[in-house]
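Q:
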Amino acid sequence: MRAAGVAGLESLPFYGKGIATDPSLGLIDNPIADLPHWNNYGFVTPAFKSLVKDALISAKQAEMSMDFALGCQAGHGVPSEPGTAGLALELFIGNATIFAGGDGYVSVTLAQQSETYIKNGLTFMLSQEPFGTANLTSVIAYELLNDLMINTGMGYSIPTGVLNESSLIDPALATVD
């Protein structure tokens, strides 16, 4: 990574603390198979400590900075100097649909965490830090070929979109007529 120009990395702890395995709360245990199991890799477990130690050793050997976030959403990007924008911005993803032939003037709403994910324990422990008014700073557009809901077989569905990758529009690189 260092050879590619990356100066640092950030570790965001996995904060389950057992809550996702508590049946009395109606939470599904590990609803997404690819997620590490809370009881094995949750904050301060032996496996968690081992991963952090190995990451610190690897970062030191590669002469890279490592930012270790102490809160579940304390991280705000790769390591940066205190007082710079890297520590003061919260990134939100929103989306809007612009239909062919439309004028392009649409309201972009901030993404909201799905109520289903919250009920299943896949959520932050605390609410997001209020950084003030959201400002639109970047737009990337793709053509959406399919808009599907994939049933997980665990009582909820995941929205899934299929994009035409060759349709990328990045205003920083080109203008659209």
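Count the sequence shown with this note's numbering and you get residues 64 to 240, in order. Backbone N, C-alpha and C define an ideal beta-carbon position, used for all residues, glycine too.
Tell me the residue span of the beta strand (DSSP E) that contains D166.
A: From DSSP, D166 is part of no beta strand (DSSP E); its letter is neither H nor E.
Q: In the structure shown, what three-state DSSP assignment does A204 receive?
A: Strand, per DSSP.
Q: Quick check: the Cα distance between Q136 and N103, rounded to an integer number of angstroms?
A: In this prediction, Q136 has a pLDDT of 48, which is less than 50 and means its spatial position is unreliable; what the coordinates show is noted afterwards. Answer to the nearest angstrom: the Cα atoms are 20 Å apart.
Q: Cα-Cα, which of G216, L211 and Y205 is closest to S229?
A: Checking every option, the nearest Cα to that of S229 belongs to Y205.
Q: Where does A159 land, buried or exposed, given buried means 16+ other C-beta within 10 angstroms?
A: Result: exposed.
Q: Can you tell me whether V115 is helix, strand or coil according to DSSP?
A: If DSSP states are grouped into helix, strand and coil, V115 belongs with the helices.
Q: How far does the beta strand (DSSP E) with G71 in it reach, from first residue to last?
A: Residues G71 to S74.
Q: I'd like to confirm the pairing. Which residues does DSSP put opposite F131 in its beta bridges?
A: In the DSSP output, where bridge partners are listed per residue, F131 has S74.
Q: When you compare only the Cα positions, how much space is there between M24 and K116?
A: This structure cannot settle anything about residue 24, because the visible part of the chain is limited to 64 through 240.
Q: With distances taken from CA atoms, which of P109, A66 and L114 is nearest S74?
A: Ranking the options by Cα distance to S74, first place goes to L114.
Q: Just tell me which of A122, F162 and G165 has its CA closest to the CA of V69.
A: Nearest C-alpha to V69: A122.
Q: Have a look at L226 and L119 and give me their C-alpha separation to the nearest angstrom.
A: For L226 and L119, the distance between alpha carbons rounds to 37 Å.
Q: Can you tell me whether DSSP reads I120 as helix, strand or coil?
A: Helix, per DSSP.
Q: Quick one: is F162 buried, meaning 16 or more other Cβ sit within 10 Å of its Cβ, or exposed?
A: By the neighbour-count rule (16 or more Cβ atoms within 10 Å), F162 is not buried but exposed.
Q: If we call anything under 8 Å between Cβ atoms a contact, is M129 one with G71?
A: Against a cut-off of 8 Å, the Cβ pair of G71 and M129 comes out as a contact.
Q: Looking only at its chain, what residues have a beta carbon closer than 6 Å to the beta carbon of F131, apart from the 5 residues adjacent to it on each side?
A: Within the same chain, F131 has close Cβ partners S74.
Q: Just tell me which of T215, G224 and I232 has its CA closest to the CA of I203.
A: For the residues T215, G224 and I232, the minimum Cα distance to I203 belongs to I232.
Q: Could you pull the start and end residues of the beta strand (DSSP E) that G224 belongs to?
A: Residues S220 to I232.
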